[in-house]
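**Q** Heads up: the sequence lines are chains R and S, in that order. Heads up, the final residue of the first sequence is numbered 1054 in the numbering used here, and it's a clean run with no missing numbers. Heads up, the final residue of the second sequence is numbered 781 in the numbering used here, and it's a clean run with no missing numbers. This is the structure I have questions about; it appears just below.
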Amino acid sequence: MTERLFEGADWDFHTLQRITDACEEVALKDLGLDVYPNQIEVITAEQMLDAYSSVGMPLFYKHWSFGKHFAFHEASYRKGLMGLAYEIVINSSPCISYLMEENTATMQTLVIAHAAFGHNHFFKNNYLFKQWTDADGILDYLDFAKNYVMQCEERYGRIEVERTLDAAHALMSHGIDRYPGKKKLDLRAEEKRAGRRRQHEEEVFNDLWRTVPKGAAKSRSTLSIERRRKLLGLPQENLLYFLEKSAPRLAPWQRELLRIVRHIAQYFYPQSQTKVMNEGTATYVHYRIMTRLHEQGRISDGNFLEFLGSHTNVVFQPEFDDPRFSGFNPYALGFAVMQDIERIVANPADEDREWFPDIAGKGDVMGVLRDVWANYRDESFIGQFLSPRLMRHFRMFHLHDDPEERAGIRVDAIHDERGFRRVRRELARQHDVGFIDANIEVVDVDLSGDRRLILHHHVIKGSQLNETDAKRVLQHLADLWTYDVALIEVDANDKVLREYVVSPRPIPAAVA
Amino acid sequence: MPIHIIDRRLNPGGKSLENRQRFLRRAKSLVQGAVKKTSQERDIKDVLEGGEVTIPLDGMHEPRFRREGGTRDMVLPGNKKFIEGDYLQRSGQGSAKDSGPGEGDSEDAFRFVLSRDEFVDLFLDDLELPDLAKRKIAQTESEGIQRAGYTMTGSPANISVSRTVKLALARRIALKRPRKDEIEELEAAIEACTDEDERAALVARLETLKAKSKRIPFIDPLDIRYRRFETVPKPVAQAVMFCLMDVSGSMSEHMKDLAKRFYMLLYVFLKRRYKHVEIVFIRHTDRAEEVDEQTFFYGPASGGTLVSSALQAMHEIVRERFNPSDWNIYAAQASDGDNSYSDGELTGLLLTEKILPVCQFFAYLEVGEAGGSAFDLSDSSLWSLYERLRSSGAPLSMRKVSERSEIFPVFHDLFQRRDTAKEKAAP
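This is the structure we're talking about:
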């Protein structure tokens, strides 16, 4: 019998090393995972709270909103309303996992298997992460961002920088390219480019240019509306990108700040699209690794029971009428689908052969799963792999709530032969970020005219913007644009539902 | 694959401190309001422990484009009895329409915990002792150190590396210590040299250079410099606060409680804001005694009322210990306003002749019964006496308090930072 990795709950750094080695062996040999090099860091509860407030990143620029989140988390943690996560893992190379010092040895094993191998493999292999994030460059870029923001504060004042960042943060959810463009994000190159841009500006600066008389402006009528839009790259749904490139009166450093916020938003974009898959993968991997370690006799029965206790808590899915219910638990859903795939591949029923002809009975579980992990996101993953059996297991049903309907909320479909496909399609749609975020785009602006920026919100299913928030965000937008901004909400038939017009605020004199 | 395991627990904490401070700065007026509100409900001792405050999230809101309303579709787990086409009753009229789960109003008020220091600082933020004018260098107090050049001796902790290296470099150049590359060059030349004689000459030269470089050390003890510090006395404003409290029988428990609360607040404020404020506690019935803070706040006493006795005691203490030309003298008096009829004249005389001329500021707090509508009707003997003095221009502030919750506003009012104060008080 192999030697135990640890006894009881205590651990030291040698134990961690042994645990990691053991996990790695299982992960690479048995599961065939492909991971970034690992870096495991042990932190205290306070440091975990710190990490919470800066979206989990080890370094970040300074901004009051992070302080607000910190105060909020700290208060609820102290009152015992909220437990802290056992770990935080960062999509970077090397892949950094933070472990809480309070964890028992079993928990550390679970967390290492979960984060350092599960999430890590997903980060490295999933197409969204490959396409949108740059794991090698992110830490350097954040460092650059932090210093850049700091320099800006020194040069232009804290208040000015804060105002720009506030505005950028408000637009963050609309600072994302949703479709793969020309090239992959390379944050290291970005950082160098920013430096070069500044250097170039300093080198070629000549005050004389300012005094050179300009030629007569081109007549407006020469530009057709079509042409004008095309020149500005309209319609454009990435509002931050549009402002950075086209806002008439932003200072270069403000454009750079918008760029930083935009890059960071883009970096997190894949995570919001793969919550179920990401957690599902990590949970599946830790479950496999822990079970294997137990089989090998490297984890005692008692410790394995402790693991099963935590694992069950993690994948617990309350039902809709349970007071604890707050939507689908991504761990539970992800893990259940992965296990179901394992069953379908290894040991399918007739129903599964009919629903999943491609993978049913194929035999190579890990091969199929690795392929799934690499090539799907939540929406397509659920849309393809949620089996009737699972829908029956979760007893899923679809509610349709139309405020116009007097009779109440209609049950549209349930987990039966007639409803499987509809329930599945609807659940997939719920996990489609393209569907969750408001669809807002810049449609037109007359730069040589009144410069009013016109945005459209394409209303889906009658769901309009929250008025107070929309006005506030538009105010930020107008402040950056420095001219009027109009947002028009239109439905699918181009009928105008509501129109907002916001003028920029005058910039108040800087307060010391 | 190499795995790095790093212990970060010893890294300096408080990474979020700066963000937190930024947040507090931004929310200052809101937090301050919340702090004042919270402190009214609490015991003064608790106030000093800091604690939780709730601020409206409005000014701190981070807006996003959010969608709401419209038709909603959702897939839920745990179906028990529904079949397709069933209708569910909406819970509450229209509530399903405007409250999405976890959105909207849930975050309207924002609770968080302030540390003790943050709390008290915000609480006392805009208070100060008025007219802190007489500044004098205190004899014993020497505050702060400042850099004062370099010295040859000192503790290793204060070694100035850049200075030391600079001096060493100068010395090496002055003494012509051979450089490393010079020697290497020579060695290379010897290596390449074919002529025996020339080689011998070069070797000899190398020997001298090496010997020389051995004789002249890279860093000599002579080069080492330490940063020197000296202590500088700083001018401090000396101030003394006299707390005069009436503890006579006419003071009810409620009144005493009010008075004590007031002094507790004053005590905290002074202790925290002014390092060099002496506090003298005097309590009086028909006779006055100087007591320590413990007795002042917690000791029982009862008897008749002679306000002049307290003023007399204060006057004597001033004469003995606090020379008015060196000290800023303040006094705060709390009483229910009762005084022996015969004592009025003496009190007035003491105040105008002895006390007020040496005082920077004299605050009088009249405490009344809870609900105290009766005591608004006619002014007490002390109040009318002081009112008369004040109208003749004495530096006297007067307030009436009958409810616990009034203590904070009144205190705040009395010690608010005045615009007329020309210079900021020394901390």
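Glycine included, every Cβ here is placed at the ideal spot set by N, Cα and C.
Return no unless some Cβ of chain R is closer than 7 Å to the Cβ of Gln493 (chain S).
**A** At Gln493 (chain S) the pLDDT is 45, less than 50, meaning the model places this residue with poor confidence and gives no usable figure here.
**Q** For chain R, check one thing: does any of its Cβ atoms lie closer than 7 Å to the Cβ of Pro654 (chain S)?
**A** no
**Q** If the criterion is Cβ atoms closer than 7 Å, does the pair Leu560 (chain S) and Leu540 (chain S) meet it?
**A** yes
**Q** What does the alpha-carbon distance come out to for the pair Gly737 (chain R) and Gln589 (chain R)?
**A** 32 Å
**Q** Taking Gly844 (chain R) as the reference, give the member of R:Asn855, R:Met649, R:Arg740 with the closest Cα.
**A** R:Met649
**Q** Identify whether Leu997 (chain R) lies in helix, strand or coil by the three-state DSSP scheme.
**A** strand
**Q** For Ala1052 (chain R), would you say it is in contact with chain S, using Cβ-to-Cβ distances shorter than 7 Å as the test?
**A** Because the pLDDT at Ala1052 (chain R) is just 42, under 50, the model does not fix this residue reliably, and the point stays unresolved.
**Q** Does DSSP put Tyr603 (chain R) in a helix, a strand or coil?
**A** In the structure shown, the three-state DSSP call for Tyr603 (chain R) is coil.
**Q** Helix or strand or just coil, what does DSSP make of Met605 (chain S)?
**A** coil
**Q** So what's Ile491 (chain S) in DSSP terms, helix, strand or just coil?
**A** Bear in mind that the predicted position of Ile491 (chain S) carries a pLDDT of just 43, short of 50, making it unreliable; the figure below should be weighed with that in mind. In the structure shown, Ile491 (chain S) sits in coil (DSSP, three-state: anything other than H, G, I, E or B).
**Q** Among the candidates S:Asp574, S:Ser509, S:Phe477, S:Tyr441, whose CA atom is the shortest distance from the CA of Ala524 (chain S)?
**A** S:Asp574
**Q** Kindly list the residues whose CB is nearer than 6 Å to the CB of Ile570 (chain S), restricted to its own chain and excluding five residues on each side of it in sequence; keep chain order.
**A** Leu529, Arg531
**Q** Within 7 Å (strictly less), CB to CB, does Met599 (chain R) reach chain S?
**A** no
**Q** Look at the alpha carbon of Phe962 (chain R) and the alpha carbon of Ala902 (chain R), and state the distance between them as a whole number of angstroms.
**A** Approximately 18 Å, taken between the alpha carbons.
**Q** Residues in the same chain with beta-carbon distance under 7 Å from Lys817 (chain R), minus the five sequence neighbours each way, listed in chain order, please.
**A** Pro872, Asp920
**Q** Can you tell me whether Ile357 (chain S) is helix, strand or coil according to DSSP?
**A** coil
**Q** Could you tell me which residues DSSP puts in a beta bridge with Met428 (chain S)?
**A** R:Leu941
**Q** With 9 Å as the limit, tell me which residues of the segment 425-442 of chain S have their beta carbon closer than that to any beta carbon of chain R; keep them in chain order.
**A** Within the segment 425-442 of chain S, the residues whose Cβ lies closer than 9 Å to some Cβ of chain R are Thr425, Arg426, Asp427, Met428, Val429, Leu430, Pro431, Gly432, Asn433, Lys434, Phe436, Ile437, Glu438, Gly439, Asp440, Tyr441, Leu442, listed in chain order.
**Q** Could you tell me whether the Cβ atoms of Leu1019 (chain R) and Glu1031 (chain R) are closer together than 7 Å?
**A** no
**Q** Rounded to whole angstroms, how far is the Cβ of Leu591 (chain R) from the Cβ of Glu616 (chain R), which I believe are closer than 8 Å?
**A** 6 Å
**Q** Could you check what DSSP says for Asn981 (chain R) in three-state terms: helix, strand or coil?
**A** The answer is strand: DSSP assigns Asn981 (chain R) an E or B state.
**Q** Got a sec, what are the start and stop residues for the alpha helix (DSSP H) Lys754 (chain S) sits in?
**A** Not the alpha helix (DSSP H): Lys754 (chain S) falls in the beta strand (DSSP E), residues 750-755.
**Q** Which class does Phe716 (chain S) belong to by DSSP, given the choice of helix, strand or coil?
**A** strand
**Q** Would you call the CB atoms of Val631 (chain S) and Met605 (chain S) closer than 7 Å?
**A** no
**Q** CA-CA distance, Asp1021 (chain R) and Pro431 (chain S)?
**A** Their backbone Cα atoms lie some 45 Å apart in a straight line.
**Q** Let's test the definition: count the other Cβ atoms within 10 Å of the Cβ of Ala731 (chain R) and tell me whether it reaches 16, buried, or not, exposed.
**A** exposed
**Q** When the Cα of Arg379 (chain S) is compared with those of S:Leu476, S:Asn682, S:Phe436, S:Phe676, which residue comes out closest?
**A** S:Leu476
**Q** State the DSSP-derived secondary structure class of Met832 (chain R), mapped to helix, strand or coil.
**A** Helix, per DSSP.
**Q** Alpha carbon to alpha carbon, what distance is there between Leu612 (chain S) and Leu619 (chain S)?
**A** 11 Å
**Q** Could you check which residue in S:Arg426, S:Glu584, S:Arg374 has the C-alpha nearest to that of Gly1062 (chain R)?
**A** The requested residue 1062 (chain R) is not part of the displayed model; chain R covers only 543 to 1054.
**Q** Can you give the Cα-Cα distance for Gln592 (chain S) and Val515 (chain S), rounded to whole angstroms?
**A** Near 41 Å, if we compare the C-alpha coordinates of Val515 (chain S) and Gln592 (chain S).
**Q** Taking only beta-carbon positions, decide if Ser514 (chain S) is within less than 7 Å of chain R.
**A** Cβ-Cβ to chain R under 7 Å: no for Ser514 (chain S).
**Q** Along the beta strand (DSSP E) that carries Thr753 (chain R), what are the first and last residues, could you check?
**A** Premise fails: Thr753 (chain R) is in no beta strand (DSSP E) and is neither H nor E.
**Q** Under the assumption that Leu652 (chain R) contacts Met832 (chain R) (Cβ atoms under 8 Å), give the Cβ distance between them as a whole number of angstroms.
**A** 6 Å
**Q** Check whether chain R comes within 7 Å of Met618 (chain S), counting only Cβ atoms and requiring the distance to be less than that.
**A** no
**Q** Between which two residues does the alpha helix (DSSP H) harbouring Gly737 (chain R) extend?
**A** 729-746
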